[in-house]
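In our numbering, the protein residues as written are 43 to 292.
As structure tokens, then:
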């Protein structure tokens, strides 16, 4: 497919990435928490972009995949810095951002940071503000005490080994929430959400739809699709969403 390269960021982290040359806007895939750039959606979309002569970037956040660092040392703000470093150093011109799960949150943070470069956005089961509205809100009193005393808690995962959730991840997340303050998205946005997703609720997708100020925003609910959103029919829906964003950009 392509060769893994590495980018050293201003913060001293080393990010692994794959970049395919082509026409713009460049499609940038942002993966989920503890996911990596070798996932089904990332690989499929790179092949889709290459077949159409479209520039494409996928990469691993620090503490993920082939990039430097430990997952437990990272937080939303660190990974947002990684995203900005990757798109600033590796791409030029307009971007179409495709954010899956936590990558949806990161996509909105990027849109807030560099709105002039965003030509469109596609979210897939976007896990917005999950550190506060998911983890912290559901933590028991015992788990909250453990964060204060031990500095972390472990949570089971349906997809891999337990998540180690640190006090820093929770506290830093509060500095990067996107569903509280005004959220201007002045470009086409397509949101995809499965109704059988046990990690991100339909309610979260509806909150984004109601909250964002966007002239061209659509939410597609897919009956019985789960959080992976990576079977053949779901992949086709992602392709269609990207194509719509590209066709509708100003």
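Ideal Cβ positions, reconstructed from N, Cα and C, are used throughout, including at glycine.
Bear in mind the structure is a predicted one, so any value in this text is a computation, not a measurement.
Checklist entry - By how many angstroms is the C-alpha of residue 287 removed from the C-alpha of residue 199? => result Residue 199 sits at position 157 when you count from the first residue of the chain shown. Residue 287 sits at position 245 when you count from the first residue of the chain shown. About 33 Å.
Next on the checklist: So, under 8 Å CB-CB, residue 125 and residue 161 are touching, yes? Tell me the CB distance rounded to an integer number of Å.
Outcome noted: Residue 125 sits at position 83 when you count from the first residue of the chain shown. Residue 161 sits at position 119 when you count from the first residue of the chain shown. Contact doesn't hold; Cβ gap of about 16 Å is too wide.
Item to check | Beta-carbon proximity of residue 283 to residue 238, cut-off 8 Å | outcome: Looking up residue 283 in the chain shown gives position 241. Looking up residue 238 in the chain shown gives position 196. Cβ distance not < 8 Å, so residue 283 and residue 238 don't count as in contact.
Next on the checklist: Can you find the residues in the same chain that come closer than 8 Å, C-beta to C-beta, to residue 119, ignoring five residues on each side of it along the sequence?
Outcome noted: What you label residue 119 is simply residue 77 of the chain shown in a count that begins at 1. Cβ neighbours of residue 119 beyond the five flanking positions: 214, 217, 218.
Checklist entry - Which residue spans inside the region 127 to 167 form an unbroken beta strand (DSSP E) run of at least 3? => result 137 to 142, 160 to 166
Checklist entry - What residues in its chain sit with their C-beta under 7 Å from that of residue 108, if we drop five residues either side in the sequence? => result Mapped onto the chain shown, residue 108 falls at position 66. Around residue 108: 46, 58, 102.
Next on the checklist: Using a 10 Å radius around the Cβ and a threshold of 16 neighbouring Cβ atoms, would you call residue 292 buried or exposed?
Outcome noted: Taking the chain shown and counting its residues from 1, one reaches residue 292 at position 250. Confidence at residue 292 is low in this model, with a pLDDT of 41, below 50, so the placement of that residue should be treated as unreliable; the coordinate-derived value is given next. Under this definition residue 292 is an exposed residue.
Checklist entry - residue 172 by DSSP, collapsed to three states: which one? => result Translated into the one-based positions of the chain shown, residue 172 becomes position 130. Note: residue 172 maps to helix in three-state DSSP.
Checklist entry - Where do the N-terminal and C-terminal ends of the alpha helix (DSSP H) with residue 276 fall, by residue? => result Taking the chain shown and counting its residues from 1, the one referred to as residue 276 is at position 234. Run containing residue 276: 274 to 290, per the alpha helix (DSSP H) assignment.
Checklist entry - Given that a residue counts as buried once 16 or more other Cβ atoms are within 10 Å of its Cβ, and exposed if not, what is residue 134? => result By 1-based counting over the chain shown, the position of residue 134 is 92. By the neighbour-count rule (16 or more Cβ atoms within 10 Å), residue 134 is not buried but exposed.
Checklist entry - Using the beta-carbon count (16 or more within 10 Å), is residue 303 buried or exposed? => result No answer is possible for residue 303: the residues shown for the chain start at 43 and end at 292.
Item to check | C-beta contact flag for residue 170 and residue 246 at 8 Å | outcome: Translated into positions along the chain shown, residue 170 becomes position 128. Translated into positions along the chain shown, residue 246 becomes position 204. Yes. Within cutoff.
Next on the checklist: Here's the rule I'm using: 16 or more other beta-carbon atoms within 10 Å means buried, otherwise exposed. How should residue 224 be labelled?
Outcome noted: Within the chain shown, residue 224 is the residue found at index 182, counting from 1. The residue is exposed, with fewer than 16 neighbouring Cβ atoms inside 10 Å.
Checklist entry - Of the residues 136, 104, 66, 235, which one's Cα is nearest the Cα of residue 158? => result Translated into the one-based positions of the chain shown, residue 158 becomes position 116. Ranking 136, 104, 66, 235 by Cα distance to residue 158 puts 136 first.
Item to check | residue 265 classed as buried or exposed, judged by whether at least 16 other C-beta atoms fall within 10 angstroms | outcome: Here residue 265 is taken as the residue at index 223 of the chain shown, counted from 1. Exposed, by the Cβ-count rule.
Checklist entry - Three-state secondary structure (DSSP) at residue 205? => result For this step, residue 205 is matched to residue 163 along the chain shown. Looking at residue 205 - three-state DSSP - the assignment turns out to be strand.
Checklist entry - With distances taken from CA atoms, which of 252, 273, 110, 117 is nearest residue 144? => result Position 102 of the chain shown, counted from the first residue, corresponds to residue 144. Residue 144 has its Cα closest to that of 117, out of 252, 273, 110, 117.
Checklist entry - Using DSSP with H/G/I as helix, E/B as strand and the rest coil, what is residue 84? => result Within the chain shown, residue 84 is the residue found at index 42, counting from 1. Three-state DSSP puts residue 84 in a helix.
Next on the checklist: Less than 8 Å between the beta carbons of residue 141 and residue 128, yes or no?
Outcome noted: Along the chain shown, read from residue 1 onward, the residue named residue 141 stands at position 99. Along the chain shown, read from residue 1 onward, the residue named residue 128 stands at position 86. Contact flag unset, no.
Checklist entry - Ordered along the chain, which non-local residues of its own chain (more than five positions away) have a Cβ less than 6 Å from that of residue 82? => result Here the question's residue 82 lines up with position 40 in the chain shown. Taken in chain order, the residues that qualify are 272.
Next on the checklist: By the DSSP assignment, the alpha helix (DSSP H) with residue 191 in it spans what residues?
Outcome noted: Taking the first residue of the chain shown as 1, we reach residue 191 at position 149. From DSSP, the alpha helix (DSSP H) with residue 191 extends over 183 to 191.
Checklist entry - alpha helix (DSSP H) containing residue 245: first to last residue? => result Your numbering for residue 245 matches position 203 in the chain shown. 244 to 253 is the span of the alpha helix (DSSP H), which, as asked, contains residue 245.
Checklist entry - Using the C-alpha atoms, what's the distance from residue 105 back to residue 261? => result Here residue 261 corresponds to residue number 219 of the chain shown, with the count starting at 1. Here residue 105 corresponds to residue number 63 of the chain shown, with the count starting at 1. Distance between the alpha carbons of residue 261 and residue 105: 31 Å.
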